[in-house]
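J.: Below is one structure. I have some questions about it.
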Amino acid sequence: MKRSDRLVAMTHYLIEHPSQLVSLPFFSETYDAAKSSISEDLAIINKRFQEEGIGYLESIAGAAGGVKYVPEMTKVKSEQFLDILCERLEDPNRLLPGGYLFMSDLLGEPNLVRKVGQIFASAFAKLEVEVVVTVATKGIPLAYAVASFLNVPVVIVRRDPKVTEGSTVSINYVSGNSKKIQTMVLPKRSLREGAKVCIIDDFMKAGGTINGIKELLKEFEADVVAIGVLAEAEDEEEERVVDQYTSLVQITNVDMKNKKIEVHEGNLFQ
Numbered sequence: 064m065k066r067s068d069r070l071v072a073m074t075h076y077l078i079e080h081p082s083q084l085v086s087l088p089f090f091s092e093t094y095d096a097a098k099s100s101i102s103e104d105l106a107i108i109n110k111r112f113q114e115e116g117i118g119y120l121e122s123i124a125g126a127a128g129g130v131k132y133v134p135e136m137t138k139v140k141s142e143q144f145l146d147i148l149c150e151r152l153e154d155p156n157r158l159l160p161g162g163y164l165f166m167s168d169l170l171g172e173p174n175l176v177r178k179v180g181q182i183f184a185s186a187f188a189k190l191e192v193e194v195v196v197t198v199a200t201k202g203i204p205l206a207y208a209v210a211s212f213l214n215v216p217v218v219i220v221r222r223d224p225k226v227t228e229g230s231t232v233s234i235n236y237v238s239g240n241s242k243k244i245q246t247m248v249l250p251k252r253s254l255r256e257g258a259k260v261c262i263i264d265d266f267m268k269a270g271g272t273i274n275g276i277k278e279l280l281k282e283f284e285a286d287v288v289a290i291g292v293l294a295e296a297e298d299e300e301e302e303r304v305v306d307q308y309t310s311l312v313q314i315t316n317v318d319m320k321n322k323k324i325e326v327h328e329g330n331l332f333q
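Residue 64 is where the sequence shown starts when you use this note's numbering, and the numbers rise one by one after that.
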């Protein structure tokens, strides 16, 4: 195989297997090339990844070592994307009763969801996340996008049990916005005890739903190492019950009377 062909093949493999350790012998045997040539190829790929602002290759020394592609979106590219996202969210036609915004159309755009996943994965790359957890239903596409870059499974918390999921663990929690008692359930087989978890959700106001997920995860003795929300909304009338989280955008002012919305960058870079 020519070097140019090998570079394309190796690049494709690394992108398709993010956050996964790949040994040099694997590349050497797969593409029938000397380890020295593979090392040179990886250096070229790493340089290109960093110049394109899509991540970098992390080398692990030792007999069980190798190389791992770590997806990463640069701060400049992230801010450019968030500026566009804020502008789209400020469309007054998105206003819903109660200070909420219509975002289903955005969550249906694969390219947008993928970029959101890449930004969160960049922020949480060094936390050794083992599972991404979300609650049905709107947070699901975001959770899968984040998990695809971190190369970990997704676990979905539901409002009611499914007969096909076997025995479940359930809790009651107080919804932050409606102050109503609601239920969350999670199959016992879906999460191993002590797993490092990242919670992903599309929207947070008071944080009651995320707090409920955290309480449910305590039943599995899970370690919540990160919380990511696409949009958070400020509400002076409601006390925020979640304080440690990462948000991409912040809705700072919703004027229902004048049909005006103010959306700014969240706390991602704080």
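No residue lacks a Cβ here, since even glycine has one placed at the ideal position from N, Cα and C.
If you draw a straight line from the C-alpha of residue 178 to the C-alpha of residue 136, how long is it?
T.: Taking the sequence shown and counting its residues from 1, one reaches residue 178 at position 115. Taking the sequence shown and counting its residues from 1, one reaches residue 136 at position 73. When rounded, the distance between both Cα atoms is 8 Å.
J.: Where residue 32 and residue 120 are concerned, what is the direct C-alpha to C-alpha distance, given to the nearest angstrom?
T.: Here the chain covers residues 64 to 333 and nothing more, so residue 32 does not appear.
J.: Check this for me: beta carbons of residue 265 and residue 289, under 8 Å apart or not?
T.: What you label residue 265 is simply residue 202 of the sequence shown in a count that begins at 1. What you label residue 289 is simply residue 226 of the sequence shown in a count that begins at 1. No, the Cβ-Cβ distance between residue 265 and residue 289 is not below 8 Å.
J.: Under three-state DSSP, which class holds residue 327?
T.: Working through the sequence shown from its first residue, we reach residue 327 at position 264. If DSSP states are grouped into helix, strand and coil, residue 327 belongs with the strands.
J.: Express the C-alpha separation of residue 64 and residue 279 in angstroms, rounding to a whole number.
T.: The count along the sequence shown starts at 1 and reaches residue 279 at position 216. The count along the sequence shown starts at 1 and reaches residue 64 at position 1. Their backbone Cα atoms lie some 52 Å apart in a straight line.
J.: Quick test of the definition: if touching needs 3 or more C-beta pairs under 8 Å, does the stretch 122 to 141 touch the stretch 160 to 167?
T.: Flag = no, the stretch 122 to 141 and the stretch 160 to 167 do not touch.
J.: For residue 218, collect the residues of the same chain with a Cβ closer than 6 Å to its Cβ; drop the 5 residues on either side in sequence, then sort them by chain order.
T.: The sequence position of residue 218 within the sequence shown is 155, counting from 1. Around residue 218: 194, 196, 253 and 254.
J.: Specify, as a first and last residue, the run of the beta strand (DSSP E) that residue 121 falls within.
T.: The sequence position of residue 121 within the sequence shown is 58, counting from 1. 118 to 123 is the span of the beta strand (DSSP E), which, as asked, contains residue 121.
J.: May I ask you to report which of helix, strand or coil DSSP gives residue 209?
T.: Translated into positions along the sequence shown, residue 209 becomes position 146. Correct three-state label for residue 209: helix.
J.: Among the candidates 215, 113 and 227, whose CA atom is the shortest distance from the CA of residue 258?
T.: Stepping through the sequence shown from its first residue, residue 258 is reached at position 195. Here the closest residue by C-alpha is 215.
J.: Quick one, which of 151, 231 and 102 has its alpha-carbon nearest residue 129's?
T.: As a first step, residue 129 must be located in the sequence shown, where it is residue number 66. Nearest option by C-alpha distance: 102.
J.: Cβ of residue 267 less than 8 Å from any chain B Cβ?
T.: Considering every chain present, this structure includes no chain B. It has just one protein chain.
J.: Check residue 333 in the structure and name its three-state DSSP category.
T.: Numbered from its first residue, the sequence shown carries residue 333 at position 270. Reduced to three states, the DSSP call for residue 333 is coil.
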